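There are 4 protein chains.
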Amino acid sequence: MKTIKDSVHDHIDVVGVARDLLDTPAVQRLRHITQLGTARLVYPSANHTRFEHSLGVYHLACEALTNLGIEGTQAERVRAAALLHDIGHSPYSHTIEELIHRHTGKYHDDVHDLISESEVGDVLREHDLDPDTIAGLIAGAGELGQVVSGELDVDRMDYLVRDAHHTGVPYGTIDHERLTRELTFLDGELVLAEGNVQTAESLLVARALMNPTVYNHHVTRISKAMLQRASERLLSEPDIDAEQLRRMDDHDLLVALRTTPETAESARRLSHRDLYKRAVWAEMQDVPDEIIDADHETIREYESDIAESAGVDSESVILDVLSRPRMTESSSRVVVNGDVRALGEQSTLVRALQQVQRDQWRLGVYAPAEKTEDIGLATERVLGLDTDGTLVSDVRTGVRTTLDDFE
Amino acid sequence: MKTIKDSVHDHIDVVGVARDLLDTPAVQRLRHITQLGTARLVYPSANHTRFEHSLGVYHLACEALTNLGIEGTQAERVRAAALLHDIGHSPYSHTIEELIHRHTGKYHDDVHDLISESEVGDVLREHDLDPDTIAGLIAGAGELGQVVSGELDVDRMDYLVRDAHHTGVPYGTIDHERLTRELTFLDGELVLAEGNVQTAESLLVARALMNPTVYNHHVTRISKAMLQRASERLLSEPDIDAEQLRRMDDHDLLVALRTTPETAESARRLSHRDLYKRAVWAEMQDVPDEIIDADHETIREYESDIAESAGVDSESVILDVLSRPRMTESSSRVVVNGDVRALGEQSTLVRALQQVQRDQWRLGVYAPAEKTEDIGLATERVLGLDTDGTLVSDVRTGVRTTLDDFE
Amino acid sequence: MKTIKDSVHDHIDVVGVARDLLDTPAVQRLRHITQLGTARLVYPSANHTRFEHSLGVYHLACEALTNLGIEGTQAERVRAAALLHDIGHSPYSHTIEELIHRHTGKYHDDVHDLISESEVGDVLREHDLDPDTIAGLIAGAGELGQVVSGELDVDRMDYLVRDAHHTGVPYGTIDHERLTRELTFLDGELVLAEGNVQTAESLLVARALMNPTVYNHHVTRISKAMLQRASERLLSEPDIDAEQLRRMDDHDLLVALRTTPETAESARRLSHRDLYKRAVWAEMQDVPDEIIDADHETIREYESDIAESAGVDSESVILDVLSRPRMTESSSRVVVNGDVRALGEQSTLVRALQQVQRDQWRLGVYAPAEKTEDIGLATERVLGLDTDGTLVSDVRTGVRTTLDDFE
Amino acid sequence: MKTIKDSVHDHIDVVGVARDLLDTPAVQRLRHITQLGTARLVYPSANHTRFEHSLGVYHLACEALTNLGIEGTQAERVRAAALLHDIGHSPYSHTIEELIHRHTGKYHDDVHDLISESEVGDVLREHDLDPDTIAGLIAGAGELGQVVSGELDVDRMDYLVRDAHHTGVPYGTIDHERLTRELTFLDGELVLAEGNVQTAESLLVARALMNPTVYNHHVTRISKAMLQRASERLLSEPDIDAEQLRRMDDHDLLVALRTTPETAESARRLSHRDLYKRAVWAEMQDVPDEIIDADHETIREYESDIAESAGVDSESVILDVLSRPRMTESSSRVVVNGDVRALGEQSTLVRALQQVQRDQWRLGVYAPAEKTEDIGLATERVLGLDTDGTLVSDVRTGVRTTLDDFE
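Going line by line, the protein sequences match chains A, B, C and D.
Quick note: the first sequence uses UniProt numbering, first residue 1, plus one each step.
Quick note: the second sequence uses UniProt numbering, first residue 1, plus one each step.
Quick note: the third sequence uses UniProt numbering, first residue 1, plus one each step.
Quick note: the fourth sequence uses UniProt numbering, first residue 1, plus one each step.
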């Protein structure tokens, strides 16, 4: 057994297969991938990594398994999957996940190859665990996969509390101990036991409050978009391919951007927090559907059109279109008067949160500070937005450019 | 200056008139009034008092005043009102407030008499402050009264955080520092500055989550109702009147109940947490309007009728009807794109919370454990409830009989 | 099983005999005994009770038992003893413990009578546990008694952390989780496993820092001494005896003091925090040995002599002599290179702390504010102190009259 | 004004010159320098940076200045110095500071060149502040320099609390708010006001407990020594010099080590936490004085001799000799009975802590796991240590190889 001190869960005991997995390069690499990517440019204390988060998810999985009465090989599988669930992340976590996916067809939870072809697979096999089964659990397959990846998984219980601890934003403070205690299986579904509608609601409320404040804060989004564009450009270099990029860590990527002439200026801007500003920040109702649903190629074409219309080089325009809000947690299952129900059916609050997400959606166009006005006007012309001259409009949610640092 | 160490706000500096008010009997008495009344029977750590809360409110008022740029006599008045705002509380805070009001016509924030006829008045006059003006601020009068008692007052900012700290329930963890920073006056109204719709929402969400978990937890309500009934009986004793009861502290009331033969059994039950149980726990839609809106006398008659129908003595039946939910905070004012708007108009989430409150409303009938079944059936007959035999029904909110202790 | 939410340890599961003991009057009574007695007059947030502390000690005992691999009846006994360990406390915890002892011969951990003659004994017998064995464990008897009452017991692990949480003073923040993890039995002795000299030291350092700041703060001591004197006077009333006093709770005692004419003024002073002040605050080296070691009767005679010499009534003088410092924790056993050693032998720091305790020792003489000067001079004459006119001298430790509130 | 959310101090307002300094590359660079260097290999959550620490020091400096009543240009200078005080750090903070010093003659607080020749100097001059004066304050010059760099500086107040928050080790939890409140100037010396001997002691106790647990944990030291050796080797490469190394950030250095063939294996070991182990861990009394006081060259010769004697290559041996313990904080000044005294004279506890530091001192020899035995024996022969075959001896302090992760 190995005991590790964690700033969120205090002592974490790592046992069995997890103990051996801990020392593999694939897991140690997570020490070098920040949990929140560019959100640290908004919240300077948010430097926590996927490594400590993975330990936390492992820890909560252990708690949940004990409460669920699951033991033996089944439990060992879930514990392995919990510790490994994030090894597929590319540098800066979700930041360049879409880019990697476009080139490799893989999202971060698709790790069959990573597991079977590495030391991780060897360790699993030594413990008589099948690498593919573990990869399946990580992707949410089967009954027990729900503990690791599902609407009520221990992943989000850890990250909400951990992100709150490190950003200093109190909204993520959920009652994770109660959540892991009240999980139960009913007819093969992971559900919250009777009397926990509110416990489930609090999880969604936490997410809804953390979203605009942290995860989708406009500075997080601007710097994320800048990093995406720079990484995309890096991929056009002859000596780097998407598979390599996928397995870099944060250090590798940042230094690669710094030392490649085509991306050096972006790297400097990101390193020194000399960021683009918003030229447009438009609500869903003001944006035509075909733009919301446009694919990557089309978006790049819009960018060129806007740049041309504004008379600037195309590097100066970033069009950032969030995908339509989903709220998968609203399908969380809770027991009410003996029946299993979807939280979204049961809860007035959760239905409202779905609308809230649509209210919070924003399309952003970002540009160097001195060009925002021209590019904002050009965007209106090209995309046909009607924002009444209010280029940065926050009528509905009033989630501002909040604290000044966050500009 | 006096500096006091507080478990929530760390060091609190008490200066000026507040320094002198601190030593008056009326303020020191608050050391002996628990903040949450009977909620300590659900959350054993929740023994905090109105004294520390009053210091906290004073502290946040100082912060808000600094941020608002209010100084001099105006500020001194608000600081005095903040420290004094709860001196009108009877024992166990809100628990017997309605009873006191029926006999004296006074709620806890009606303190003109208490201030002018006591040492408090002397201290205020020594500092050239008018007692009646301060009493007015405590009741929310005038522009500055909103800081002490209004939809965005520092009172609720303190109690949410403090109640979370002491109960251990994380839902009250709001960003109080941001709230006091973003307060501003616009056309005589206290509002939250641009970009704070979500800050305001988080305050209401915290309340909405704390309500069923703490403030209206059924054990809080049962023990509160038992204490109300016993106190009412105490008032029928010859040697005690409502004005005396109003000025007792928690110790006085509990010992009076213990030593008065008619109330000794109630006192024993409350002291040893040997409480009544729920015979009925009905949702708003299942309760006829005339019962929801019945006055105190009518409710006592219903109790007698239920007791008679069940063949038990009338002491064994407590009918507990919550008043219809209001959500005064939804009229909080926020600035959105330069206009002042009511939060309830602006926010999808807040509108949902109003429905949530109705969902959470419950009518309770409480009785000794061994009589709950008979009294439950009698209640259905007398009140015409239709609860399908589900005497304790929590279909809608699923706020359970949560943790077992809370039974 | 019952689960209780605690502000320090989060969720506490109460099972087996503990579950049934919880509802006994003897345990519920602890809800009405404050943990720190009069320290709440220094730290307004410190209103926590022996009840929540007892739950905490029970919780840490469960953790320690799991780590020690102790199960079955043995563990059940320790859990019962942990939950019951404080039921012998008189009102205001240690405040009047000496007074009770002089009259009944019993300290708070002598509970054979309380257990066997109450519902507690019935519950234990129903669970096939012998009441006398449990009372023995509470007094520290036998190998397992050390877990409940010994140098490394879970009692002090809980109270240091809990007192820090509620006072706001950070010094008690020890690593209690590590402490319970590292306990082990070696040759029948409870010891800390190899590598924990510093873990043990941190426990003593925490105590050494909390002592003058909280437990022996001069305002804590003054108010404690006033409460002792008043309670002593109460015992001279015809209708109250020491055995009754022992079983009162805080409410009973305070109201008894208020309603007894001879003690009403003391009760008023304590309720309104209108306390005596220090007339003398002398260091150990300036106080003759026979005074340090004087018994209660002799001290009362000194008080009379001082009062007479100062020309005041004897009620106006309180002579408060702390017993000589012991540091029982310095005999804590730790494993070092395979041998069991006493911490005091092993640790330079712990030896220093023993000297620190002597440095911090103070003799106090307290009096109404307007009489401190006369009584200070009279004390010098009567006791032969030589304090160079520095009546309140803090040369050595500089533990002041710290924050002003604490005056 | 800019407001930044910090996980330790909540909201930090950045104003005046600090506001403009914040955006300079020299300050933004600190986002990429970890506060604790390799301690994150022991405590996975300890990923905080010099940037957030610098903001914290700035914040505490503001608090201290307000309490000291210092305003205007003098205060502006101190605030600038506080924010800039760590810009001279090389990658991984103190880790390679000695190496840089050997080559450039500069320690991290010698920043005259960095300030005057960069944007920082421009910003200072725009605000009419003299770059050299600010550099002087950072080095502790003058009366006000003590606030930034001295025995009672705000630097250590921030780092103790911050390191505790991020490692999860509670020992650093000091009462920093009280410390900044009690600072005062007496005859040009920064001292703690009357009654704060214990406040000062708690600061030293916190350091004494954090030292072996965090700062000098043997895994911190092993990985630090490995990083030093690798960086030294990097400097022998033709295309890198010490001045460049000094201005790298953590990313640059780690990637440089990875991509340089001579250091790639060290980089791999550090990245994957595949560290050397202890071959020797000897106490001060067992180590000859000439070894304790040996200079860098001599130590490298010892290493060669040990390697030769053990028959291994010299890369396999790292000899790590801590400098003799100083305890500069023991010269902190406190006011006692009106006189200024050095804490070390006044406090029994502080004198003990000086001995504790000597007890905790260890000489380490580190090697690949499979070679520790041979190298341990060779070390005894070459250095003439007499460790009774106990190569890893922790007799005196028992600060172990504590938790297993820390191996």
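Glycine residues also receive a C-beta, built at the ideal position from the N, C-alpha and C atoms.
Quantities reported herein were computed from a predicted structural model and do not represent experimental measurements.
Taking a Cβ-Cβ cut-off of 7 Å, V365 of chain D has no neighbours in chain C, whose nearest Cβ is about 19 Å from it. Straight through space, the alpha carbons of L203 of chain B and E182 of chain B are spaced by roughly 13 Å. In the structure shown, K277 of chain B adopts extended strand secondary structure according to DSSP, grouped into three states. Rounded to whole angstroms, the separation of the alpha carbons of E177 of chain A and L234 of chain D is 48 Å. In chain order, I115, S116, G121 and L124 place their CB closer than 6 Å to the CB of P131 of chain D, counting only its own chain and leaving out the 5 sequence neighbours on each side. Excluding its 5 nearest sequence neighbours in each direction, H11 of chain D has C-beta neighbours in its own chain below 7 Å: T3 and K5, listed in chain order.
Residue environment for R40 of chain B: buried (at least 16 other C-beta atoms within 10 angstroms of its C-beta). Within the same chain, and ignoring the five residues on either side of R31 of chain D in sequence, the residues whose Cβ sits closer than 6 Å to its Cβ are T49 and F51.
For Y215 of chain A, there is no enclosing alpha helix (DSSP H), since its DSSP letter is neither H nor E. In summary, N337 of chain C is exposed, with fewer than 16 beta-carbon neighbours lying within 10 Å of its beta-carbon over all protein chains present. Proximity of Q198 of chain C to chain D, defined by a Cβ-Cβ separation below 8 Å, is satisfied. Residues of chain A whose Cβ lies closer than 7 Å to the Cβ of E177 of chain C are, in chain order, D10 and H11. Among the CB atoms of chain C, one or more fall inside 8 Å of the CB of R181 of chain A. Assigned with DSSP and collapsed to three states, I240 of chain D falls in coil, not helix or strand.
The three-state secondary structure of A139 of chain A, taken from DSSP, is coil. For the region 209-242 of chain D, the set of positions with a beta-carbon nearer than 9 Å to some beta-carbon of chain C reads L209, P212 and T213 in chain order.
Note: L22 of chain C is not bridge-paired with any residue in the DSSP secondary-structure output. Distance from the Cα of D20 of chain B is smallest, within the candidate group B:D128, B:T38 and B:V147, for B:D128. Contact of Y171 of chain B with chain A is assigned, a C-beta pair being separated by under 8 Å. Comparing C-alpha distances from D320 of chain A to each of A:V335, A:H296, A:A307 and A:D339 shows the shortest one belongs to A:H296. Excluding five sequence positions before and after R268 of chain A, the CB atoms of its chain that fall closer than 8 Å to its own CB belong to R258 and D274, given in chain order. DSSP places V111 of chain A in no beta strand (DSSP E); its state is neither H nor E. Against chain B, the CB of L65 of chain A has no partner CB under 8 Å away; the residue lies outside that interface. In this structure, I306 of chain D sits near A378 of chain D, with a CB-CB distance shorter than 8 Å. Only residues of its own chain outside the window of five on either side were considered, and among them A230, R233, L234 and L257 have a CB closer than 6 Å to the CB of T263 of chain C, listed in chain order. Interface with chain D (8 Å Cβ-Cβ cutoff): D158 of chain C is excluded. Within chain B, H251, D252 and V255 have C-beta atoms less than 7 Å from the C-beta of V255 of chain C, given in sequence order. For G344 of chain C, the uninterrupted alpha helix (DSSP H) segment begins and ends at L343 to Q346. A Cβ-Cβ separation of about 18 Å leaves S323 of chain D out of contact with T38 of chain D under the 8 Å criterion. For F51 of chain A, the chain D residues whose Cβ falls inside 8 Å of its Cβ are P44, in order along the chain. Around the beta carbon of E189 of chain A, fewer than 16 other beta carbons sit within 10 angstroms, so the residue counts as exposed. Shown here is that no member of the region 68-92 of chain A has a Cβ falling below 8 Å from a Cβ of chain B. For Q28 of chain C, the nearest beta carbon of chain D is not closer than 8 Å to its own beta carbon. Here R246 of chain C has S90, I100 and T104 as same chain residues with Cβ atoms under 7 Å from its own Cβ, once five neighbours each way along the sequence are excluded. For T167 of chain A, the nearest beta carbon of chain D is closer than 8 Å to its own beta carbon.
For the C-beta of I115 of chain B, not a single chain C residue is nearer than 7 Å; the gap to the nearest is close to 17 Å.
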